[in-house]
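Chemist: Take this structure first; my questions come after.
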Amino acid sequence: MRLVMTEPAERMERPYARRWWALLVLCLSLLIIVMANTALTVAAPAMTEDLGLSSADLQWVIDGYTVPYAALMLLLGAIGDKYSRRGALVLGLVVFGAGAVFGYLADSSTTVIAARAVMGAGAAMIMPATLSLLAATFPRAERAKAITLWTATAGLAIAAGPLVAGALLERHGWSSTFLINVPVAALAMVGAFVLVPPSKAGHRERVDYVGGLLSVVWIGALVYMIIEGPHFGWGTKAITAAVVAGAGLVAFVLWELRHPRPVLDVRRFTDRRFAGSNLAVALFFLAVFGAFYYLTQHLQFVLGYDALDTGLRMLPLAGAVFVGSALTGYLTPRVGMKWTVTAGMVGGTAALALLTRVDGGSSYGDFVAPLIVLGLAIGLALSPCTDAIMGAFPESELGVGGAVNDTSLELGGSLGIAILGSLLATSYSGHLSDATTGSKLPASALETAQDSVGAGYAVARGIGDKARQLAEQAAHTSDPQAAERLRAQAEQLGGGARRMADAVGSSFADAVAHTSVVGAVILGVGTVVVALLLPRKGEQAAESVEEREPETAGSR
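Just so we're on the same page, my numbering is the position in the sequence shown counted from 1, plus 819.
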């Protein structure tokens, strides 16, 4: 057995014998780039306290990863197709690992944001490479099963990120959540050389660099606008980004329509199956990332779980993803993707609808059913969509196919955090203002508390600390009258601190319920649109026969 796998997947006459081990390497690579985002949700409070991050700083720590990740995928996927898909994977792991080391050493908001951007660029190479190598390595008859396991890994990473980060934060600082990526990336690199066969397009012509750069411009500007506008206001930056995104998209479409070898044939979006699958992925991750954003905050701040406990309580989601993936592997070949995808999206809508019942008295038990339903929905819906998107591309464009799927995922996730996150903040602020009416809370303190649920509890703790200081002064004051006044003030402030904490918790719970209503409506309407777009099983088979291109040796 050779130490380094050198025989290209396209030249193999029979299915690669170690393809399932190769899939393990691809899934491991996927695991760390998804966990890089979800782990941050539980590390953020410690990072904020240590570095003194403002809410704007924290937002860009999170989204500094997303902008290069989403913007670069299409171009880098095409380059990987032409030169080397495995090379793109390994180079991406190197860049990702270097960014993780940089993040571990970071000591300011600027350096953390820069480190996250480097990791995002590495992820933009890794993500499409994992899907293109999967499709090149597996015969068509097994691709759906392999993609189901790939999708289940993504679902596992969503829940595993907080668990791993929580375990690290028990004994180490927030920077350890960056460093843990390095040995995993190194292991994946070794596995890529030993187990993953090299692959590239057999007849890929010159890369359409102009189209690729236009895609970087319009996608990057769009993601920036999605982040900047809802969170920081529709000022000059957000409006400029919107104009650049719109103009860039028009230029991209016109260029691709006229180019003989476009980086992405935009005519593919006229195919109902392809368009419906991309829309389903984007809408689903809008709901998943948006819900995950406020669920982790509710578990940590309102219910008081530490980072590790929060991660443990997200595990029902991961388990349900695997069950849903097993169901879709059984059902999709029998009833067609239209029904499994629609059922998954209905399940996602139902999960968000269950969250509308959250209130100030809700316990963790009220979140178990929504987490399980959401996990089942992810498992049911996403792998058939990914399989359909990848199946729309010829063997020479598998990297581009993976990039299209992943760009839909990232755009949906960015929209989810931006739209639902912004709505959550606005709703929380309004509810807290109503709940503290007549409390004689200073305007500056209320403004601080309205910034976020964490800031609200910090204000309540500050009032409680002041009450304890007054009580200590009263205990050491020899003047009985002065001591009595101090005790009365301490009791008043102590009661105010408890009322403030209760107001913050109930206001955030009400905001979660309100935001979930909007999320359920968006996903519910999207479910109807996707159901109308996706063809039935018989129609799907007919379209596949008409549109299928001659298979290369790589498709076996």
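Even for Gly, the Cβ is constructed at its ideal location relative to N, Cα and C. All of these numbers come straight from a predicted model, not from anything done at the bench.
What residue does the alpha helix (DSSP H) around residue 869 start on, and which one ends it?
Modeler: 859 to 870
Chemist: With DSSP run on the structure shown, which of helix, strand or coil describes residue 1073?
Modeler: If DSSP states are grouped into helix, strand and coil, residue 1073 belongs with the helices.
Chemist: In or out: residue 1053 buried (at least 16 other Cβ within 10 Å) or exposed?
Modeler: With fewer than 16 other Cβ atoms within 10 Å, it is exposed.
Chemist: Can you round the beta-carbon distance between residue 851 and residue 1009 to whole angstroms, since I take them to be within the 8 Å contact cut?
Modeler: Residue 851 to residue 1009, Cβ: 14 Å. No contact.
Chemist: What does the alpha-carbon distance come out to for the pair residue 1374 and residue 860?
Modeler: The predicted position of residue 1374 is uncertain, since its pLDDT is 42 and thus under 50; a value taken from the coordinates is nonetheless stated next. When rounded, the distance between both Cα atoms is 40 Å.
Chemist: Are residue 854 and residue 1007 closer than 9 Å when you measure CB to CB?
Modeler: no
Chemist: Closest by CA to residue 969, which one among 1155, 1301, 1117 and 849?
Modeler: In terms of Cα proximity to residue 969, the closest of 1155, 1301, 1117 and 849 is 849.
Chemist: Could you check where the alpha helix (DSSP H) with residue 1020 kicks off and where it finishes?
Modeler: Premise fails: residue 1020 is in no alpha helix (DSSP H) and is neither H nor E.
Chemist: Would you report the Cα separation of residue 926 and residue 870, rounded to the nearest angstrom?
Modeler: Spanning the two alpha carbons is a distance of roughly 7 Å.
Chemist: Go through the region 1134 to 1215 residue by residue and report every complete run of the alpha helix (DSSP H) that reaches 4 residues or more, in order.
Modeler: 1134 to 1154, 1156 to 1174 and 1184 to 1210
Chemist: Less than 9 Å separating the beta-carbons of residue 1161 and residue 1150?
Modeler: no
Chemist: Count the other CB atoms, across all protein chains shown, that sit within 10 Å of the CB of residue 1259; report buried if there are 16 or more and exposed otherwise.
Modeler: exposed
Chemist: For residue 946, which of helix, strand or coil comes out of DSSP?
Modeler: helix
Chemist: Suppose contacts are defined by Cβ-Cβ distances below 9 Å. Is residue 1283 in contact with residue 1239 by that definition?
Modeler: Result no, Cβ atoms of residue 1283 and residue 1239 do not sit closer than 9 Å.
Chemist: By DSSP, does residue 1113 sit in helix, in strand, or in coil?
Modeler: Helix, per DSSP.
Chemist: Whole angstroms is fine: what's the gap from residue 1104's alpha carbon to residue 1232's?
Modeler: 5 Å
Chemist: Within its chain, find whatever has a CB closer than 6 Å to the CB of residue 1308; leave out the 5 residues flanking it on each side and keep chain order.
Modeler: 1289
Chemist: Secondary structure at residue 988, three-state DSSP: helix, strand or coil?
Modeler: helix
Chemist: Would you check if the distance between the CB atom of residue 905 and the CB atom of residue 847 is smaller than 9 Å?
Modeler: Cβ atoms of residue 905 and residue 847: not closer than 9 Å.
Chemist: Please state whether DSSP places residue 1258 in a helix, a strand or coil.
Modeler: coil
Chemist: Checking 9 Å against the spacing of the C-beta atoms, do residue 1330 and residue 1168 come in under that value?
Modeler: no
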